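Asks:
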Amino acid sequence: MEEALLLVKKEEVYYENCPGCKVDKAKHLTNGISIRNLLYIWLAVLCGRSSFMLGRALTSILWGMVSDRYGRKPVIVFGVITVVIFNTLFGLSTNLWMAISMRFLLGSLNGLLGPIKAYATEICREEHQAIGLSTVVAAWGVGLVVGPALGGYLAQPVEKYPNIFPKNSFWDKFPYFLPCFIISVFAFVVAIACIWLPETLHNHKDNNKSIDKAEALEGGSNNDDEAEEEKSIFQNWPLMSSVIVYCVFSLHDIAYQEVFSLWAVSPGRLGGLNFTTDNVGTVLAISGIAIIIYQLSLYPMVQKACGPVTLARLTAVLSIPLLQSYPFMRMLSGFTLYAVISSASILKSLATETIATGLFILQNRAVEQHQRGAANGIAMTAMSAFKTIGPAAGGALLTWSQKRLDASFLPGTHMVFFILNVVEGVGVLLMFKPFLSVKK
608 MEEALLLVKK EEVYYENCPG CKVDKAKHLT NGISIRNLLY IWLAVLCGRS
658 SFMLGRALTS ILWGMVSDRY GRKPVIVFGV ITVVIFNTLF GLSTNLWMAI
708 SMRFLLGSLN GLLGPIKAYA TEICREEHQA IGLSTVVAAW GVGLVVGPAL
758 GGYLAQPVEK YPNIFPKNSF WDKFPYFLPC FIISVFAFVV AIACIWLPET
808 LHNHKDNNKS IDKAEALEGG SNNDDEAEEE KSIFQNWPLM SSVIVYCVFS
858 LHDIAYQEVF SLWAVSPGRL GGLNFTTDNV GTVLAISGIA IIIYQLSLYP
908 MVQKACGPVT LARLTAVLSI PLLQSYPFMR MLSGFTLYAV ISSASILKSL
958 ATETIATGLF ILQNRAVEQH QRGAANGIAM TAMSAFKTIG PAAGGALLTW
1008 SQKRLDASFL PGTHMVFFIL NVVEGVGVLL MFKPFLSVKK
């Protein structure tokens, strides 16, 4: 017997027992944003940010396909639970190989980062999708700040807080358990909260077609459109082109992060800033806070006015002269240097997140719901692969540039920032037609 239908508007049909239809109906009936659902997204991403890169690269597509078949919620909840288990075991590691194994298993079994981007797109009305994905990016930024801070303040508590944690105790045997335990407790609370997380995947017979597609068919569509929908996800050029561009910028970004930290602590005679690690940490923390404020307040408004593609192109172009100015900053000193480098780091970080969020929007709009989890899995796998190259490449470039301080063409660190700009320039070119294709 056919399921009962709920008719909200003549052209829109909702199935009574379908969780995805319930979400679509709620989006239709309200023009606002569900703060509660965005909070779920925020908390889940905070738990999943510590996944081991290799494990994530190997399983992201699989977890995306699982979320397309069985729903976003089970994958998200399972991913948060793996944080509780394997993050705790990581803190209890007694040797290096146990620690590496726990990180690998955490990365392999925690597949929420791809599906959570699909979920952030589906839980919001189209005009609010930018803020949904901004929530993911902002939560990631919080994790980048809070995670290292927890490790710095809570690791080896016997040495830092001897009045509270005595020697030869449990805390002395497992000096890194306390920050892991705090994160695991937080993840456990999030896992319980996710019980109330609404599912967005449709479970009725027409689940392979979104409401928007159904409306298009009612208005009249040709067979070419239907054939296009049935193509393999790897033949979806709007998706694959945005993934390739995302990979190029990911390579640039991870290499930049490696270069920036090493360059900042390098001595002045090698073209560095002679910063301490604490100085670098403070600069990055300030940038992380700026990302949170920007992503949750300014980005949705600017993106709505300019569009994700135009905004990403503009910020990428403007970041090129900004990055090439870095070597000249070593001519400054004292507070002026600190203020200028902090400002430059903030602007560079905002540009990075603007480009990434814009490409996330393109990737999720390029596919229908039944392929969205796999699409984000492909993007995560490809990005992870490129990010494994970036740190080694960035470190090698900086070391090489510091050996040519007296070169006549782009001496010293001028060369390394120039090469970083070349990679970014390739990304900028790929964001234009005919390479980047945007689904209408």
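Position 281 of the sequence shown, counting from 1, maps to 888 under my numbering, and the rest follow consecutively.
Beta carbons: idealized from backbone N, C-alpha and C, even for Gly.
Predicted model, so just to flag it, every value in this text is computed and none were measured.
Count the other CB atoms, across all protein chains shown, that sit within 10 Å of the CB of N1028; report buried if there are 16 or more and exposed otherwise.
Replies: N1028 comes out buried.
Asks: What number of angstroms, rounded off, separates the C-alpha of V691 from the C-alpha of N624?
Replies: 32 Å
Asks: As a quick exercise: from F772, Q976 and L930, pick the residue whose alpha carbon is nearest that of I1026.
Replies: L930
Asks: For A946, which of V887, K994 and S991 has the nearest alpha-carbon?
Replies: V887
Asks: Counting only beta-carbon separations shorter than 8 Å, does V916 have a partner in chain B?
Replies: This model lacks chain B altogether, as it is built from one protein chain only.
Asks: As a quick exercise: from T943, Q970, P928 and S894, pick the residue whose alpha carbon is nearest that of Y726.
Replies: Q970
Asks: Can you tell me where the alpha helix (DSSP H) holding V909 begins and where it ends?
Replies: Y906 to C913
Asks: Of the choices S868, R972, T884 and G662, whose alpha-carbon is the least far from that of L713?
Replies: G662
Asks: So, does the region 906-917 touch the region 927-944, judging by three or more C-beta pairs under 8 Å?
Replies: Pairwise C-beta distances place the region 906-917 out of contact with the region 927-944, as fewer than three of them are shorter than 8 Å.
Asks: Within its chain, find whatever has a CB closer than 8 Å to the CB of W870; leave out the 5 residues flanking it on each side and keep chain order.
Replies: G878, G879, L880, Y933, L1005, T1020 and V1023
Asks: Could you give the distance in angstroms between the alpha-carbon of T922 and the alpha-carbon of T961?
Replies: 7 Å
Asks: In angstroms with no decimal places, state the Cα-to-Cα distance between M709 and I648.
Replies: Cα to Cα, the separation comes out at about 24 Å.
Asks: How far does the alpha helix (DSSP H) with F841 in it reach, from first residue to last?
Replies: Counting along the chain, F841 falls outside any alpha helix (DSSP H), and DSSP gives it neither H nor E.
Asks: Taking the alpha helix (DSSP H) that W704 falls in, what are its first and last residues?
Replies: L703 to L716
Asks: Using three-state DSSP, classify D1013 as helix, strand or coil.
Replies: coil
Asks: By the three-class DSSP mapping on this structure, what secondary structure does Y783 have?
Replies: coil
Asks: Using CA coordinates, which residue listed in E865, H809, Q864 and F882 is at the minimum distance from V872?
Replies: F882
Asks: Should K634 go down as buried or exposed, given a rule of 16 or more other Cβ atoms within 10 Å for buried?
Replies: Label assigned to K634: buried.
Asks: Give the straight-line distance between the Cα atoms of Y677 and I927, rounded to the nearest whole angstrom.
Replies: 43 Å
Asks: With 16 other CB atoms within 10 Å as the buried threshold, where does F1016 fall?
Replies: exposed
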